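Per the numbering used here: the sequence shown = residues 74 to 584.
Heads up: the structure comes next, in structure tokens.
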Amino acid sequence: MDFRKNDFVTVEIEDMGSEGEGIGKIAGFAVFVKDAIVGDTVEARIVKCMKNYAYGRLEKVLEPSPFRVEPKCSCDRQCGGCQLQALAYEEQLAFKQRKIRNNLIRIGGFAPEYVDAHMEPIIGMEEPYRYRNKAQYPIGTDRDGNLTAGFYAGRTHNIIANKNCWLGAEENEAVLDCVLEYMRKNGISAYDEGTGRGLVRHVLIRKGFTSGEIMVCLVINAKEKGSRFLPRQDELIRGLAKIKGMASVSVSMNTDRTNVIMGKEIHTLWGKDTISDTIHVRDMRQPGYPFTGEVLNFHISPLSFYQVNPVQTEKLYSLVLEYASLTGNEVVWDLYCGIGTISLFLAGSAGKVCGVEVVPQAIEDARENAVRNGITNAEFYIGKAEDVLKESIQDTGEKNKIKLPLPDVIVVDPPRKGCDGACLEVMLRLKPDRIVYVSCDSATLARDLKILCEGGYEIRRVRGVDQFGQTVHVETVCLLSNRKSKPDTHVKLSLSMDDYYRIKEEGKNNQ
Ligand code: SAH
């Protein structure tokens, strides 16, 4: 097709890509149009033309898709955060269901019938806005020199002024108004990434949805200066303390010229060091997923990792619990455990849980969370998943020397890049009866499932959970079970099969 840059074309959008871009065809030639949705007929301006496809910029929706809705947010197209606001929520769910399915087929190499036989309908949100419990607003200066708070435009670090992101808590705007007013009154500057000068870099806001508690942390470009971190900080605190739910005000020092938002140290200026939140266990077999009455409490500090959508997290963790189908005796390993939320969620139904995580502070939080919830059968280890797990197959040759119990069930919840190859290999050596894989990227999930299935596992159930409405992201939970009761001999083992069974038996006896 002979397109040139800046040509205007009319195209019917037939599909959407994994990043939410509309895809249409003109005489067999694919045109990708960001912000166009499936079912639209649009006018697009060609911005880049390749041999077999082109990128277009949405100029005008000529005929709107039946799935097109009015985005709630005024800066929906400029902001890099959401990609699907113009798509009706039910269709967003359908898009995510297709995305998981396509990745399993294309990347995982599974047959469509196999995928369809095991895939369950995605679990959507009742309220697909205002669901996030955490926001990190960059503070900057606009062209006229006025202080602003907002979001980065897609793929850049230009700040789009917006204090009311529709995904976040309503209180965020009042917090930002208060911080900006304090800065203006006291002549406090915003940080400038270009020069590395200026004081306030980001404002982190967290809210405990069940407790109603709010935490504010200002990230400042300063080194410690006694107990006063900001000029006239009492004024800031007085303002913030008036906001309903305010429970903690702190600063974090970050003088590094990097993209990392938070500094390593936190100093509480007012109120508590942490806020609390409660996660309820739900019965995922009942309609509406009612609470079972079991609850867990967590304390969250500005630096701790905590799932950003607490309502859907309850469903996600409860689904993991259901897939794990524990009887009360199993040894469960929770790899990539963060602050131990999944470990503690499963502990009540397991014999023993071992959590593994690389960030030492998170393990500290996990141990505290165990104590806080009166859980005594969970242990946490610092290290890479594969390294710690390997210790459970140490070939000691002697009884009583096995350091860690062998897993009956392994849960993994890795970051987007998926499991390390070494981690998959160790899992295949250990051959637990069941693996529950929690994934925030179905492409790397599909890649890893292929390896696990070639190594003797079978997909039993797969289900998406929408944790991130309006965006293209989706969480997926997959249950795998060991195809044979014994490990496959074609899996390379540094241990002999006899050793393996001996160790596994000894491990059981030693528990
Ligand atoms: N399951 C937790 C956290 C999941 S996020 C929850 O639901 O809250 C993924 C976690 O994996 C992060 O905490 C990250 O620090 C950790 N991580 C990354 N690479 C790892 C590795 N190789 N071994 C163990 N943990 C790792």
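The beta-carbon is built from N, C-alpha and C at its ideal position, and this holds for glycine as well.
This structure is a prediction, so every number in the text was calculated from the model and none was measured.
| Item | Value |
| --- | --- |
| Do you know whose CA, among I233, E338 and R141, lies nearest C152's CA? | I233 |
| Hey, is V429 close to the ligand NAP, as in C-beta under 8 Å from one of its heavy atoms? | For the ligand NAP, the structure offers nothing, since it holds only the ligand SAH. |
| How far does the alpha helix (DSSP H) with K388 in it reach, from first residue to last? | P383 to A397 |
| Residue range of the beta strand (DSSP E) that R355 falls in? | I348 to R355 |
| So, are the CB atoms of T544 and P383 less than 9 Å apart? | no |
| Relative to the C-alpha of E199, which candidate in H191, Y162, M256 and I180 has its C-alpha closest? | Y162 |
| Bridge partners for T590 per DSSP, in chain order? | Given that the chain is displayed from residue 74 to residue 584, the structure contains no residue 590 and the question cannot be resolved. |
| Roughly how many whole angstroms lie between the Cα atoms of N175 and L309? | 50 Å |
| Going by the CB atoms, is the gap between R534 and E186 shorter than 9 Å? | no |
| Per DSSP, N555 is paired with what? | Y530 |
| Which value, in whole angstroms, describes the spacing of the CA atoms of L419 and I180? | 30 Å |
| Could you give the residue range of the alpha helix (DSSP H) that holds K169? | Y162 to R179 |
| According to DSSP, which residues form a beta bridge with E243? | Paired residue(s): none; E243 is not in a bridge. |
| State buried or exposed for I278, treating a residue as buried only when at least 16 other CB atoms are found within 10 Å of its CB. | buried |
| Given D481, which residues of its chain have a CB within under 6 Å of its CB, disregarding the five upstream and five downstream residues? | E403, V404, P505 and D506 |
| Can you tell which of V538, L522 and S465 has the C-alpha that lies nearest to the C-alpha of L503? | S465 |
| From V368, L394 and D438, pick the residue whose C-alpha is nearest to that of P375; which is it? | D438 |
| Give me the Cα-Cα distance between R203 and G542, rounded to the nearest whole angstrom. | 10 Å |
| Where does the unbroken beta strand (DSSP E) through G182 begin, and where does it stop? | Premise fails: G182 is in no beta strand (DSSP E) and is neither H nor E. |
| Tell me the DSSP bridge mates of L508? | One point to set straight first is that residue 508 is Ile, not Leu, in the sequence displayed. Partner(s): I483 and L553. |
| Going straight from the alpha carbon of S377 to that of I110, what length do you get? | 36 Å |
| Below 8 Å CB to CB, which residues in the same chain sit around D149 once its five sequence neighbours on both sides are set aside? | C155, Q158 and A159 |
| Looking at I339: is its Cβ nearer than 9 Å to the Cβ of V324? | yes |
| Assuming V104 and G97 form a contact by the criterion Cβ under 8 Å, report the distance between their Cβ atoms to the nearest whole angstrom. | 5 Å |
| Would you kindly work out how many angstroms separate the C-alpha atoms of E94 and D108, rounded to a whole number? | 6 Å |
| Determine the extent of the alpha helix (DSSP H) in which L417 is found, giving its start and end residues. | T414 to A420 |
| Residues in its own chain within less than 8 Å of K269 by CB, not counting five upstream and five downstream? | Inspection of the sequence shows that residue 269 is occupied by Gly rather than by Lys. Counting only Cβ-Cβ distances below 8 Å, and skipping sequence neighbours, we find N294 and R330. |
| So, helix, strand or coil for M288, using DSSP? | strand |
| Whose C-alpha, out of E244, G129 and L272, is nearest the C-alpha of E85? | G129 |
| For H191, name the three-state secondary structure that DSSP assigns. | helix |
| Let's test the definition: count the other Cβ atoms within 10 Å of the Cβ of M123 and tell me whether it reaches 16, buried, or not, exposed. | exposed |
| For the beta strand (DSSP E) that G37 lies in, which residues bound it at each end? | For residue 37 there is no data in the structure shown, the boundaries of the chain being 74 and 584. |
| In chain order, what residues of the same chain lie with their CB nearer than 7 Å to the CB of H563, ignoring the 5 residues before and after it? | Note that H563 scores a pLDDT of 41, beneath 50, so its modelled location is shaky; the value from the coordinates is reported in the next line. Nothing meets the Cβ criterion. |
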